[in-house]
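Mapping of the sequence shown onto our numbering: residues 602 to 1115, in sequence order. Even glycine gets a Cβ: it sits at the ideal position worked out from N, Cα and C. Read the structure below first, then the notes.
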Amino acid sequence: MDILKLKNVVKIYKMAGGGTFEALKNINATFSAGELVSIVGESGSGKSTLMNLIGGLDSDFEGEISYRGKNLRDYTAQELADYHKKSIGFIFQNFNLIPHLNLIDNVALAMTLSNVDKETRVKRAKELLEKVGLKDHLYKKPDQISGGQKQRVAIARALINDPDVIIADEPTGALDAETTDNVLALIKEIAQSGKLVLMVTHSDRVAAHCTRVLRIDNGELVSDEVTGKLEPLATRTEHDAIEVKNMSLFNAIRLAFLNMKAKLGRNTLVAFGTSIGIMAVVLMLSIGRGVTNYIKDTMNSYTNPNVTEVHRQSMMPDPDKQPDMDDHAEISRMQQNNMAALTGSGTDNDFTTKDITKLKTIKHVDRLEKGYSTLSLGTNSVSYGDKNATIMTLQTMSSNITKSSIVSGKAPGKDEVLLDKGTADLLAKNIVGKEVTFKLTIDGKQVEQKLKVSGTYEQQGSNFSTAIVRYSDLKDIFAQNGQTLKPNVVYLYTKDKDNTEKIKDEVKKLGFSG
Ligand code: ADP
Ligand code: MG
């Protein structure tokens, strides 16, 4: 069965100076399920470019790349998001595992963003880790296992949403010969189980394991040879289809990715990893600000026109500062910093008293509200009875959340929480008025707090699982745990919305993002 068809595919990069570079010239090929294809060619020949196009990371090409009959170029944002989430899995040379998460969480992560409940995620992650031979290492962190084992984790992660196509860009590039054979055997099995595997490699040894070899030279497909055949594996383990709900996040990330690609140049992204499932996470780690900004923009179009939301600029990675890609410690440090900034656990993005005074005195600002907002990857949750839901964004109540977005109940009062409708429905049919247990991580410590659900809210364009509490309550929770809550977002309210633009300009002049 044909899965992918490439017809006259041309990729032209536009250069900063105005010139162009033709990286792929008229590529034609058709791929079927169960094939294990290697793509070989010298460095700079266009292999990664081709993978990025097939992976739907770059829709700016000429010709056709049809997945199950439809050209990727014609996909709507939603279809593309679906494609990334359900159809494609990525494996990279440098694994891109998250250092502070254990193997189960690293694998389950790619599912975290799709509102699948934790139990299902963990179960599936365990199954896959067992399948790749890591049964005895489930609770280890990436730095406690070898390179080959890391790549196995990455393979498990690529498989978690059961995609049809696996794209592997030099998956064995960082492995020694013996480990390479082990990983290849595993990749072979994936193809045998009926998936299409496209693997970029430099190594003839690796290519020799494949059923077909495509050679690219200078952007041209110079040969396409069938070199063998795989015996399909009889049984394919089936699991329940996973419903993917959180599409807009993937769009957000995709856009952020494209945006960052333009800004940072491709090497940074190649090093940080460009896979989508994991890309979500990697991007959050590496470019934090891009994603949050995009999310903020989307949200802002549904929020109060009288309010300006202000963030500190300092958490933005310096685009001129290109990290040394061979310095892994440096990359890790950068990722940690960005993670800290993004999750609000860093202090870089806190407003100082001085900042607050400056903002308060901007002309036309009638009220300043302090706020706190944090994105978390599985560390914050809310539970009711035996139901538990992960909270991705925790934020404080502000005038920016309009009445019209509250679909039932009301804004949170003291010791109350407002939940997004999706999360509320996940917990119980009629959750409003009920007491839930809110679990959050403060300074690495798990903290529990009972809160009453004041209402549910819905924000078009955002499917984040969100909990909104009062700033004063959150401040108390922090204080009870020996921490001081500092605002990392500030809302400036003006009575006349015609002033909002002027306020935004002033905010920017002062060096904040508004
Ligand atoms: P490979 O993966 O085979 O090493 P790439 O696909 O990364 O090669 O690159 C193919 C060619 O396209 C190279 O000459 C590279 O310099 C060029 N190229 C890749 N990305 C860009 C870009 N964003 N802008 C301009 N040229 C690019
Ligand atoms: Mg490459």
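**Asked** From what residue to what residue does the alpha helix (DSSP H) around valine 1033 run?
**Response** Note, valine 1033: premise wrong, no alpha helix (DSSP H); not H, not E.
**Prompt:** Just to confirm, are aspartate 818 and glycine 642 a CB contact at a threshold of 7 Å?
**Reply:** yes
**Asked** Regarding threonine 802 and the ligand ADP, is the C-beta to nearest heavy atom distance less than 6 Å?
**Response** no
**Prompt:** Mind checking whether the beta-carbon of alanine 624 lies closer than 6 Å to any heavy atom of the ligand GDP?
**Reply:** For the structure depicted, the ligand GDP is absent and the ligand set comprises only the ligand ADP and the ligand MG.
**Request:** Can you say whether glutamine 750 is buried or exposed, counting buried as having 16 or more other CB atoms within 10 angstroms of its CB?
**Result:** buried
**Item:** Under 7 Å between C-beta atoms of valine 801 and aspartate 777
**Value:** no
**Request:** Give the DSSP-derived three-state secondary structure of aspartate 825 in the structure shown.
**Result:** strand
**Prompt:** Ends of the beta strand (DSSP E) at glutamate 623?
**Reply:** 621-633
**Proximity test, lysine 648 beta-carbon vs the ligand MG heavy atom, cut-off 6 Å** = yes
**Asked** When you compare only the Cα positions, how much space is there between alanine 842 and leucine 822?
**Response** Low confidence applies here, because alanine 842 scores a pLDDT of 37, under 50, leaving its location unreliable and the question unanswered by this model.
**Request:** Sort Phe952, Thr1057 and Ala757 by Cα distance to alanine 1029 and report the nearest one.
**Result:** Thr1057
**Prompt:** At a cut of 8 Å, does the region 995-1009 reach the region 969-976 through at least three beta carbon pairs?
**Reply:** yes
**Prompt:** Using DSSP with H/G/I as helix, E/B as strand and the rest coil, what is lysine 741?
**Reply:** coil
**Message:** When you compare the CB positions of isoleucine 768 and leucine 799, do they come within less than 7 Å of one another, or not?
**Reply:** yes
**Asked** For serine 747, which residues from the same chain have a beta carbon less than 8 Å from its beta carbon, with the 5 sequence-adjacent residues on both sides left out?
**Response** Thr780
**Asked** What residue range is occupied by the uninterrupted beta strand (DSSP E) comprising glutamine 1084?
**Response** First-last for glutamine 1084: undefined, no H or E at that position.
**Request:** Starting from the N-terminal side, write out each stretch of the alpha helix (DSSP H) that is 4 residues or longer and does not extend beyond the region 726-799.
**Result:** 748-760 and 778-793
**Message:** Tell me the DSSP secondary structure of arginine 816 in three-state form.
**Reply:** strand
**Message:** Using a Cβ-Cβ cutoff of less than 8 Å, which residues in the same chain neighbour cysteine 811 once the five nearest sequence positions on both sides are dropped?
**Reply:** Leu637, Val638, Ser639, Met800, Thr828 and Gly829
**Request:** Could you tell me whether any non-hydrogen atom of the ligand ADP is closer than 6 Å to the CB of tyrosine 1058?
**Result:** no
**Asked** For the region 1014-1027 against the region 1082-1097, are there 3 or more C-beta pairs whose distance is under 8 Å?
**Response** no
**Prompt:** Quick one: what's got a C-beta closer than 7 Å to tyrosine 614's C-beta in the same chain, skipping five residues either side?
**Reply:** Thr621, Phe622 and Ala624
**Item:** Residue(s) in a DSSP beta bridge with asparagine 989
**Value:** Ser984
**Message:** Quick test of the definition: if touching needs 3 or more C-beta pairs under 8 Å, does the region 1047-1057 touch the region 1098-1105?
**Reply:** no
**Asked** alanine 1068 bridges to which residues according to DSSP?
**Response** Leu995 and Leu1020
**Request:** List the residues that DSSP assigns as beta-bridge partners of tyrosine 676.
**Result:** For tyrosine 676, which the question treats as bridged, DSSP gives no partner whatsoever.
**Request:** Determine the extent of the beta strand (DSSP E) in which lysine 608 is found, giving its start and end residues.
**Result:** 603-615
**Request:** Write down the C-beta distance between phenylalanine 632 and leucine 797 rounded to the nearest angstrom, noting that I regard them as a contact closer than 8 Å.
**Result:** 5 Å
**Message:** Taking 7 Å as the threshold (beta carbon to beta carbon), is aspartate 675 in contact with chain D?
**Reply:** You won't find chain D in this structure, because it holds only one protein chain.
**Contact check, valine 611 vs glutamate 663, beta carbons under 7 Å** = yes
**Distance, lysine 988 Cα to threonine 1003 Cα** = 28 Å
**Request:** Report the residue from Asp1106, Asp683 and Ser1009 whose alpha carbon sits nearest the alpha carbon of aspartate 763.
**Result:** Asp683
**Item:** Own chain, CB closer than 7 Å to glutamate 731, minus 5 neighbours either side, in chain order
**Value:** none
**Request:** Put serine 646 into one of helix, strand or coil per three-state DSSP.
**Result:** coil
**Prompt:** Roughly how many whole angstroms lie between the Cα atoms of valine 766 and isoleucine 788?
**Reply:** 12 Å
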